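Take a look at the structure set out below.
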Amino acid sequence: MTNAVYLDWNATAPMRPEVASAMSVALARCGNPSSVHRWGRAQRHATEHARAAVAALVGARAEDVVFTSGGTEANHLALLGSSHRSVLVSAIEHDSVREAVADAISIPVHSSGLVDLSALERLLAATKPPALVSLMLANNETGVIQPVASASAVARRYGALLHCDAVQAAGKIPVALDVLGVDLLTLSAHKIGGPQGAGALVLGRDLALTPLLRGGGQERGRRAGTENVPGIIGFGAAAELARDDHDSEKIARLRDRAAAQLIDIAPAARVFGAEAPRLPNTLCITMPGVAAATQVVALDLAGVMVSAGAACSSGKVRPSHVLAAMGADPEEAQSAIRISLGWSTDVAAIERLVDAWGALYRRTRAEAA
Ligand code: PLP
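Under this note's numbering, think of the first position of the sequence shown as 1356, with each following residue one higher.
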């Protein structure tokens, strides 16, 4: 559908045109960045230029950026490569954090979606050091922004390291390593207008990392394998653009307008995470009595693309561990969808969403009557 409305930016953001141009130039070039000849050196130069851009996005040193195949790999490298005896992860982390370490300890969250810092303190006090704490900066389903700097202060008191998955936050709110006080930070290119299949683990200080992939000295011995040069170049270009992105107020206004109009249609609709600070672009809202999967399909038929609030993979919708951790009623959680906006979202897109959502709601109410 040519005039379809895309409101699933947290799943993947459309590639910035500047990124596509930079990548198409890169795709036409040959050379391995490890080769010493001129073509190899040119690829090395381009890779290091991108590394500097990614580092600048979060206030890091270029040499502390380890390129990976995406956020999932970076999360695994952080949790498995930093060799900690105890790993504590918040209950609302992305599955790539939750499932990286089998016996990780779960840190509860409040019903607002914010991590319970007192519980973190208690868990750390009872945990065998050295410990690693993993707390995301912003949640992918609700957009709730976590008190990472405060969690980092707690972690420091117990000599623990803090890893922060900033995949959803980068490009939407400022992300600065020193302000957050984190030791390891995860980024993913395709959430900021770059390509899928490129990401980074950024180190906040000198840390010994055990590589997950061995057999080559790439990435300063921290991640073997020939670099994905076109992907890295695209990531660098997207990072440069994300630094001077000032659309967040406009995006938040559109998001809030959508929420207000949907609640006007269905006053019992609930917005998850509304009491906490949230990303400007994310709205997790229920349609009372209508399953998320039904909404996603009906909205798609009307040309509006959103996600189920519940985790959706391989076409199957599973109950959301995020909403469950917030203590949501399971039935209510089943009716939550995630609407996520971006720099090109306009009023017309919001109107299409509201019309389609309203039509579905009225239809299901009429059928139930
Ligand atoms: N972390 C968060 C919070 C995410 O939302 C995602 C993707 O949805 C990831 C990690 C995984 O990133 P990638 O798709 O680059 O592997």
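Just so it is clear, CB atoms sit at the ideal spot from N, CA and C, and this is done for glycine as well. Predicted model, so just to flag it, every value in this text is computed and none were measured.
query	result
Would the C-beta of Gln1689 count as close to ligand 1, meaning under 7 Å from any of its heavy atoms?	no
Here's the rule: buried if 16 or more other CB atoms are within 10 angstroms of the residue's CB, otherwise exposed. What is Ser1466?	exposed
Is the Cβ-Cβ distance between Ile1547 and Ala1508 less than 8 Å?	no
Would you tell me roughly how many angstroms separate the C-alpha atoms of Leu1567 and Ala1397, rounded to the nearest one?	27 Å
Starting from the C-beta of Arg1384, find all residues in its chain whose C-beta is less than 6 Å away, skip the five residues before and the five after it, and write them out in chain order.	none
What is the rounded straight-line gap between the Cα of Asp1419 and the Cα of Leu1542?	13 Å
Does Arg1560 come out as helix, strand or coil in the three-state DSSP assignment?	coil
Within 10 angstroms of the Cβ of Asn1365, are there 16 or more other Cβ atoms? Answer buried if so, exposed if not.	buried
Skipping 5 residues on each side, what residues in its chain have a beta carbon closer than 7 Å to that of Gly1395?	Gly1386, Asn1387, Pro1388 and Ser1389
Quick one: is Gly1514 buried, meaning 16 or more other Cβ sit within 10 Å of its Cβ, or exposed?	exposed
May I ask you to check if the CB of Val1702 is nearer than 7 Å to at least one heavy atom of ligand 1?	no
Decide if Leu1708 is buried, meaning its Cβ has at least 16 other Cβ atoms within 10 Å, or exposed.	buried
Whose CA, out of Pro1484, Ala1480 and Ala1446, lies closest to the CA of Met1491?	Ala1446
State the Cα-Cα distance for the pair Ser1473 and Pro1463, rounded to the nearest angstrom.	10 Å
Counting only the same chain and skipping the five closest in sequence on each side, list residues whose C-beta sits under 8 Å from that of Pro1502.	Leu1469, Val1470 and Leu1472
Evaluate Ser1669 with the Cβ neighbour count: other Cβ atoms within 10 Å of its Cβ, from every protein chain shown; 16 or more gives buried, anything less gives exposed.	Unreliable placement is indicated for Ser1669, whose pLDDT of 48 sits below 50; the coordinate value is still reported in the next sentence. It is exposed - the Cβ of Ser1669 has fewer than 16 other Cβ atoms within 10 Å.
Can you check whether the CB of Leu1638 is closer than 8 Å to the CB of Ala1613?	yes
Given a cut-off of 8 Å, decide if Val1444 and Ala1429 are closer than it, judged by their beta-carbon atoms.	no
If Leu1654 and Trp1712 are in contact, beta carbons under 8 Å, what's the gap, nearest whole angstrom?	7 Å
Which same chain residues, not among the five before or five after Ala1597, have their C-beta less than 8 Å away from its C-beta?	Leu1412, Ala1525, Gly1526, Ile1547 and Gly1548
Taking C-beta to C-beta, are Leu1517 and Gly1536 nearer than 8 Å?	yes
Taking C-beta to C-beta, are Leu1696 and Arg1610 nearer than 8 Å?	yes
Shortest alpha-carbon distance to Gly1426 belongs to which of Asn1495, Ile1705, Ser1461 and Ala1405?	Asn1495
Within 10 angstroms of the Cβ of Leu1487, are there 16 or more other Cβ atoms? Answer buried if so, exposed if not.	buried
Considering only DSSP beta bridges, list what Leu1532 is partnered with.	Answer is none; Leu1532 lacks a bridge partner.
Among Thr1402, Val1380, Ala1691 and Leu1656, whose alpha-carbon lies nearest the alpha-carbon of Arg1673?	Ala1691
How many angstroms separate the CA atom of Ser1603 from the CA atom of Ala1680?	28 Å
Could you compute how far the alpha carbon of Ala1621 sits from the alpha carbon of Pro1643?	8 Å
Just the Cα atoms here: how many angstroms apart are Val1651 and Leu1362?	11 Å
Give a single yes or no on whether Asp1520 has its beta carbon closer than 7 Å to a heavy atom of ligand 1.	yes
Answer yes or no: do Arg1578 and Leu1432 have a C-beta to C-beta separation smaller than 8 Å?	yes
Which full runs of the alpha helix (DSSP H) of 4+ residues lie inside the segment 1468 to 1509, going along the chain?	1472 to 1480
Let me check one thing: in DSSP terms, what residues is Arg1633 bridge-paired to?	Val1499
Does the Cβ of Gly1572 have 16 or more other Cβ atoms within 10 Å, making it buried, or fewer, making it exposed?	exposed
Is Leu1540 helix, strand or coil by DSSP?	strand
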